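Data block below; observations after.
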């Protein structure tokens, strides 16, 4: 899992059927150092069931973890990254 | 599996069902760029051994901030350590007392 | 998933039988997440019908095989969606979140933090580039 910040939203009408109806967020991976939180430059498109808002700091899971967020145990959702938690706080030095 | 140090915990009430209120820790993996033969990694090892990037992992063991942990990544590990429904592939599978580097190409520390 | 732009197409006469009938697209990642495999291009199968010049969402790994309805397909990237619009909050996280020069989606809409939701009009995809002469390009 990674820490990231929601930087935007992606809209698509034409989707593969197994991705239909899912909200897609653009999440920038961030790294927390003692100087604060800064983007690493890596960006991922993740599905979102938690209604995360733009600017929110979130936890993004990949692979089977992401599929579990969409539908536990399922192997037939077309999802490889998903927002699994909206971060309220963190004890990491440098985090908000 | 990789060695990492816990640098903080992360919390948030708005979470997937699969998270199930489990503890999430932020860890920085060890890098071996500075390691020499005889370098010992433990909870109080030099920050210079840590990589700049960090990652998040579920922590069923309750590791404290500063401790060295073993991170397993993959669905098999997740199924065994936490459960098949958990929404992660990375989890803490051990709290490490000490790890020693014994034979690098760089030789012993001066 | 990652955001990318279809920049071309691949043809292969000799290929795994499980790739029969699949169109292979060359995709340039615009926003790339994969620490293990840094690469400036991807070859993706396309079950959706994307065309050169369009921005797409690419799914990697097992789900990419699922998209083709058979997990035994030797494939690790497939087109999951064709992008209509991308909205980025201009002030979300500061200027460092900007796309690299030349790597912004065609339909990118920078929305100032103060803008209301009425500004959510997607710019739409560019009209696809003319198809390469020589047929649809699906593997046979």
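Residue numbers (this note's numbering), protein chains in the order written: chain A, 19 to 114; chain B, 120 to 229; chain C, 8 to 147. Where is the CB? At the ideal position from N, CA and C, for every residue including glycine. This structure is a prediction, so every number in the text was calculated from the model and none was measured.
Quiz prompt | Residues of its chain near residue 206 (chain B), where Cβ-Cβ distance is below 7 Å and the 5 sequence neighbours each way are ignored | solution = Reading the second chain from its first residue, position 87 is the one you call residue 206 (chain B). So the list reads 135, 137, 138, once near-sequence residues are dropped.
Review point. If you compare alpha carbons, which of C:70, C:19, C:38, C:69 is closest to residue 32 (chain C)?
Key: Locating residue 32 (chain C) in the third chain gives position 25, counting from the first residue. Ranking the options by Cα distance to residue 32 (chain C), first place goes to C:19.
If the cut is a Cβ gap below 7 Å, which residues of chain A does residue 152 (chain B) touch? The residue you call residue 152 (chain B) lines up with position 33 of the second chain. Here the premise fails: no neighbours, minimum Cβ distance about 17 Å.
ask   = Which residues of chain A have a Cβ atom closer than 7 Å to the Cβ of residue 132 (chain B), listed in chain order?
value = Along the second chain, one-based indexing puts residue 132 (chain B) at 13. Here the neighbours are 106.
Checklist entry - How should residue 217 (chain B) be labelled, buried or exposed, when 16 other C-beta atoms within 10 angstroms of its C-beta is the threshold for buried? => result Taking the second chain and counting its residues from 1, the one referred to as residue 217 (chain B) is at position 98. Exposed, by the Cβ-count rule.
Handout entry: Whether residue 85 (chain C) touches residue 52 (chain C) by CB criterion (9 Å)
Key = On the third chain, residue 85 (chain C) is found 78 positions in, with the first residue counted as 1. On the third chain, residue 52 (chain C) is found 45 positions in, with the first residue counted as 1. Their beta carbons are under 9 Å apart, which means residue 85 (chain C) touches residue 52 (chain C) by this criterion.
* **Segment limits, beta strand (DSSP E) that includes residue 24 (chain C)** => Residue 24 (chain C) sits at position 17 when you count from the first residue of the third chain. Element bounds for residue 24 (chain C): n/a, residue is neither H nor E.
| What's the C-alpha gap between residue 222 (chain B) and residue 158 (chain B)? | Locating residue 222 (chain B) in the second chain gives position 103, where the first residue counts as 1. Locating residue 158 (chain B) in the second chain gives position 39, where the first residue counts as 1. Their backbone Cα atoms lie some 10 Å apart in a straight line.
In this structure, does DSSP put residue 77 (chain C) in helix, strand or coil? For the purposes of this step, residue 77 (chain C) is taken as the residue at position 70 of the third chain. Here residue 77 (chain C) sits in coil by DSSP.
Original post:
Starting from residue 114 (chain C) and walking both ways along the alpha helix (DSSP H), at which residues does that stretch end?
Top reply: As a position in the third chain, residue 114 (chain C) is number 107, starting the count at 1. Run containing residue 114 (chain C): none; DSSP gives neither H nor E here.
request  = Indicate whether residue 122 (chain B) and residue 175 (chain B) have their beta-carbon atoms separated by less than 9 Å.
outcome  = For the purposes of this step, residue 122 (chain B) is identified with residue 3 of the second chain, where counting begins at 1. For the purposes of this step, residue 175 (chain B) is identified with residue 56 of the second chain, where counting begins at 1. The answer is no: Cβ separation not under 9 Å.
### Query
Roughly how many angstroms separate the alpha carbons of residue 51 (chain A) and residue 45 (chain A), rounded to a whole number?
Against the first chain, residue 51 (chain A) aligns to sequence position 33. Against the first chain, residue 45 (chain A) aligns to sequence position 27. For residue 51 (chain A) and residue 45 (chain A), the distance between alpha carbons rounds to 19 Å.
Cβ separation of residue 106 (chain A) and residue 84 (chain A), assumed to be a contact under 8 Å, to the nearest whole Å:
By 1-based counting over the first chain, the position of residue 106 (chain A) is 88. By 1-based counting over the first chain, the position of residue 84 (chain A) is 66. Their Cβ separation, rounded to whole angstroms, is 21 Å, which puts residue 106 (chain A) and residue 84 (chain A) out of contact at 8 Å.
Note to self: If we define contact as Cβ-Cβ less than 9 Å, is residue 31 (chain A) a contact residue for chain C?
What the structure shows: Here residue 31 (chain A) refers to the residue found at position 13 of the first chain. So, interface residue.
Pick from C:90, C:27, C:21: whose alpha carbon is nearest that of residue 28 (chain A)? Working through the first chain from its first residue, we reach residue 28 (chain A) at position 10. Taking only the C-alpha atoms, the option nearest residue 28 (chain A) is C:90.
Classify residue 88 (chain A) as helix, strand or coil using the three-state DSSP reduction. Sequence index remark: in the first chain, residue 88 (chain A) carries index 70 (1-based). The answer is helix: DSSP assigns residue 88 (chain A) an H, G or I state.
(request) Select from the segment 78-91 of chain A all residues with a C-beta closer than 8 Å to any C-beta belonging to chain C, and list them in chain order. (result) 81, 82, 85
On the three-pair Cβ rule with 8 Å, is the segment 21-40 of chain C touching the segment 53-73 of chain C? yes
I'd like to know whether the C-beta atoms of residue 23 (chain A) and residue 65 (chain A) end up nearer to each other than 9 Å.
Working through the first chain from its first residue, we reach residue 23 (chain A) at position 5. Working through the first chain from its first residue, we reach residue 65 (chain A) at position 47. It is not a contact, given that the beta carbons lie outside the stated cut-off.
task = Return the residue from the list C:62, C:70, C:116, C:8 that minimises the CA-CA distance to residue 15 (chain C).
result = Here the question's residue 15 (chain C) lines up with position 8 in the third chain. The residue with the shortest Cα to Cα distance from residue 15 (chain C) is C:62.
Report task. Spell out a yes or no on whether the segment 151-168 of chain B and the segment 196-210 of chain B are touching, meaning 3 or more CB-CB pairs, one atom from each, closer than 8 Å. Result -> no
| Three-state secondary structure (DSSP) of residue 142 (chain B) | As a working note, residue 142 (chain B) is residue 23 in the second chain. Three-state result, residue 142 (chain B): coil.
Residue 40 (chain C) and residue 60 (chain A) - do their beta-carbons sit closer together than 9 Å? The sequence position of residue 60 (chain A) within the first chain is 42, counting from 1. The sequence position of residue 40 (chain C) within the third chain is 33, counting from 1. Yes; because the gap between Cβ atoms is below 9 Å, this pair is in contact.
Item checked: Contacts of residue 208 (chain B) in chain A (Cβ-Cβ under 9 Å) -> As a position in the second chain, residue 208 (chain B) is number 89, starting the count at 1. Correct list: 19, 79, 80, 81, 82, 83, 84.
Next on the checklist: If I measure Cβ to Cβ from residue 102 (chain A) and keep anything under 6 Å in the same chain, skipping five residues before and after, which residues do I get?
Outcome noted: As a position in the first chain, residue 102 (chain A) is number 84, starting the count at 1. Closer than 6 Å at Cβ, skipping near neighbours: 77, 79, 87.
Check your understanding: Taking 8 Å as the cut-off, does the CB of residue 111 (chain C) come closer than this to any heavy atom belonging to the ligand SAH?
Key -> For the ligand SAH, the structure offers nothing, since it holds no ligand at all.
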